[in-house]
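Let me begin by presenting the structure, written as structure tokens, before commenting on it.
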Amino acid sequence: MLGRKRMIWGVKVAAALLLLGLAGVAVPQPASAQLPYSTWYSDLNAGMIRTQPVYVPDRIVDGNGVERGFSSPSDIFIAENDHVFIADTGNDRIVELNEKGEYVRSIGQEEGPGKLTQPEGVFVAPGGTIYAANTGGQSIVLYAPDGSFAREFKKPEATALAADYHFYPTKLVADRRGVMYIVVKDTFLGLLRMSPDGEFTGFFGANKAKLSWLDRVKRALLNEKQLAQEIAKQPNPILNATLADDGFLVTTSSGTASDGQIKKLNAGGFDAFRNKPFDEPDLIDTAIDSNGFLYGLSRSGDISVSVYDPTGEAVFYFGSTQKSARQLGIADYGSSIAINGNNELWVADNAANLIQVFKRTSFGDTYMTASHLYFEGDYEQSRSYWEEVLRQNGMLNIAYNGLGKIALHDGDYDAALDYFKQSNDPKGYSDAYWYIRYEWLKDNFLLAVVVLIAGSWGLSFGARRLALFARRRTWPPLVRKYAGELRDALYLMVHPYNGFYRLKDRHISYAVIVFLLALAVAVHVWSVFASGFIAYPFDLGEYNLPLSLAFMIVPWLTWVIANYLVSTVKGGEGRFREVLQGSAFAIVPYIVITIPTTILTNFVVLEEWIVIDLIRQAMWVWIIVLFFVMTQVIHNFDFTEAFKNASVTLFTIGIIWVFAMIVSGLVYNFYDFIEQIYREVTFRA
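Using mature numbering (1 follows the signal peptide of the UniProt record, and there is no 0), the letters of the sequence shown map in sequence onto residues -33 to -1, 1 to 652.
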């Protein structure tokens, strides 16, 4: 008897444990106190920076007080009173919850007019009128604020809508006039616009297909008949639409067939973001708060929510997407996102049949408030918020930028200069430097003129005295030889034809050639670190100097090789050494011009940067002319022959680069093959 009781007790314990286990599976649970995802700040210069969370998972709403719970919730809309309306697609209804997520009522379940069939979208007008995208019923259904049926709109009668145009509305919004903008499934024509009386008034906000360079070439070369045989380029279809407080219409599109995954359209269809590309191919919905910040919901594996500032620039990424996940803060198959008056994000999970609610952290509140004031131009009011942001995280450049604008407004130009430099903002840095330079010149203009005149005279006098000293002194023969060759390099720079004729059939010492090449490299390295901040508005520790040198040395080296090979085949007279020394002399303008322009970059502002650009462009044109004249003179070509030779040389350079890439790829694959064999042998051993 006792044994039987123990057996029954054991069965009960096992059953209880099993039920607890099933409950743990059915209800998302936080794995630990640590967040199940990371938050990243998007810096335009430094890339992605991991930061403290701006949103954390707060709770779930699983329809526990709702009859039958949720089934494939497809859309969320939060009304002015923070009541939440959910398109409960699988249960053929619209569910209303209060601001706490407690059940209020269901709409559209009653038989008769207004009965919903698989609704996928919901919108509530300021007056309380409820719009439902009755997808399965191929209609738009309107309900009065009390939930009673008001009217229904089927596919509008219009010649622009062909008989094979299937009206399956999935999402919709209505402006203050009652005009409806409807997302129709599987259409590339944009939003279907319908009047308050159900009349079709056109399509709105259609995306444009993005053409590749190959598509553009085809359009230029093929005739209409040939183009008709090509597969038509289709843009991304619009998946969602949201109405902002300022009347703008925010559309969300998924895919990369066209740019403008998020658009902010005015009444005329103009995109405030100017069709900018968003690096979010899996976006499905976008919410917008009262301050103009946008929150994009994505189905990509790494993140699920992206935060954008009012200009459309990405600010934060957070969340995660995992299939079959049942964890607080992790989405399985997100379908919709909305934000309420408390800045809580409500995310519908179509696969898990629940709603995840994220609340904003104190850091998130501080940052978003500071950023809002920043975009509104209220820099002084934002000061304390930016200082608090920096106290919590000193890696966010926009905080330094905000403080820089405050300092600039207050006339503290030195502090502004420092802040703008820390935020990598060349425009702000230029503005602050302009004021500093202006104040200095206002107080020291006469001194500056005197120093400039005296310096010019001193340099001229010193150069003459140095030249006189050099002529009177007896120098060793080797020094005279090197000095003469360097003087010829300077002469060639301003007298190309005479200079290269002097160079022809001469043996310039290898020491001078190496010196010129090394000097060019040294000047390039020096120019990077000695230039003003406007020239390189980022942390120079992140500058890829080896790659920069490679882009300088490799083209020059391949030019020498290709020019000699092509000229030999084409009957050129120049020897390899003549090509080598001529090519070395041709880069002298780079050395001569880069030094003063680098110094000048420390004293100009952005508005004057055109002077630097013009000088540098003239320098490169000058260098190209010297290379061309070298080809003509060294190989004894006429102008036409020299032009043909230079063109074939450039083509040969391309061939050499392609060949080098192929060989390097083969070498890498061979090395990888040997390494894999070695690992296999050592593992087996």
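From the three backbone atoms N, C-alpha and C, an ideal C-beta is built for every residue, glycine too.
Just so you know, these numbers come straight off a predicted model, no measurement behind them.
Under the DSSP assignment, Arg439 falls in the alpha helix (DSSP H) whose first and last residues are Pro393 to Arg439. For the pair Tyr8 and Ile16, the CB atoms are nearer than the 8 Å cut-off.
Annotation for Ile560: Met586 place their beta carbon closer than 6 Å to its own, counting only its chain and skipping 5 residues before and after. Proximity of the segment 117 to 127 to the segment 185 to 196 falls short of the contact definition, fewer than three beta-carbon pairs being nearer than 8 Å.
Per DSSP, the unbroken beta strand (DSSP E) holding Ile27 starts and ends at Tyr22 to Val28. Counted as a single uninterrupted DSSP element, the stretch harbouring Arg241 is not any beta strand (DSSP E), since DSSP gives it neither H nor E. The shortest CA-to-CA distance from Val495 to any of Asn207, Gly508 and Ala485 is the one to Gly508. Membership of Leu547 in the alpha helix (DSSP H) is indicated by the continuous run Phe543 to Ala553. Non-local C-beta neighbours of Thr218 in its own chain, meaning closer than 6 Å and more than five positions away in sequence, comprise Gly172, Ile205, Ala208 and Lys230, ordered along the chain. For Tyr477, the closest alpha carbon among the candidates Val546, Arg439, Gly259 and Leu363 is that of Val546. If you ignore the 5 residues before and after Trp589, its C-beta comes within less than 7 Å of the C-beta of Pro556, all in its own chain and listed in chain order.
As the crow flies, the alpha-carbon of Leu375 is around 13 Å from that of Lys388. In the same chain as Leu484, and ignoring 5 residues on each side of it, the C-beta atoms closer than 7 Å to its own belong to Ala551, in chain order. Where Asp455 is concerned, the enclosing alpha helix (DSSP H) starts and stops at Pro444 to Val461. Closest in alpha carbon position to Tyr386, among Phe500, Tyr464, Ser329 and Ala281, is Phe500.
The beta carbon of Val91 is closer than 7 Å to those of Phe44, Ala46, Phe52 and Ile97 in its chain, skipping five residues each way along the sequence. By DSSP's assignment, Trp7 forms a beta bridge with Arg17 and Tyr284. Note that the segment 450 to 464 does not touch the segment 518 to 536; fewer than 3 beta-carbon pairs, one per stretch, sit closer than 8 Å.
Fewer than three pairs of CB atoms, one per stretch, sit closer than 8 Å, so the segment 300 to 308 makes no contact with the segment 22 to 38. For Pro163, no alpha helix (DSSP H) encloses it, and the DSSP letter there is neither H nor E. Close CB contacts of Glu66 within its chain, under the 6 Å cut and outside five residues either way in sequence, are with Asp49 (chain order).
Bounds of the beta strand (DSSP E) holding Asn101 are Ile97 to Asn101.
Judged by DSSP secondary structure, Tyr531 falls within the alpha helix (DSSP H) whose first and last residues are Leu512 to Val536. With a cutoff of 8 Å on beta-carbon distance, Leu250 and Ser221 are scored as near each other. Secondary structure in the segment 297 to 355: the alpha helix (DSSP H) runs of 4 residues or longer, each lying completely within the stretch, are 329 to 343 in chain order.
Ala415 places its beta carbon less than 8 Å from that of Leu408.
For Asp42, the uninterrupted beta strand (DSSP E) run begins and ends at Pro40 to Ile45, by DSSP. Apart from the 5 residues on each side of it in sequence, Gln548 sits with its Cβ closer than 7 Å to the Cβ of Leu470, Ile475 and Ile480 in its chain, given in chain order. Beyond the five residues adjoining it in sequence on each side, Ser38 comes within less than 8 Å, by CB distance, of Asp55, Thr56, Gly57, Asn58 and Asn320 in the same chain, given in chain order.
Taking a C-beta distance under 8 Å as the contact criterion, Leu264 and Tyr275 do not qualify as a contact pair. The DSSP-derived three-state label of Phe640 is helix. Pairing Phe245 with Asn233 gives a Cβ-Cβ distance that is not under 8 Å. Less than 8 Å divides the Cβ of Gly369 from the Cβ of Ala337. Shortest Cα-Cα distance from Lys121 to any of Thr18, Asp153, Tyr367 and Pro163 involves Pro163.
C-alpha of Phe610 to C-alpha of Phe595: approximately 8 Å in a straight line. For the 8 Å CB-CB criterion, Tyr400 and Leu384 form a contact.
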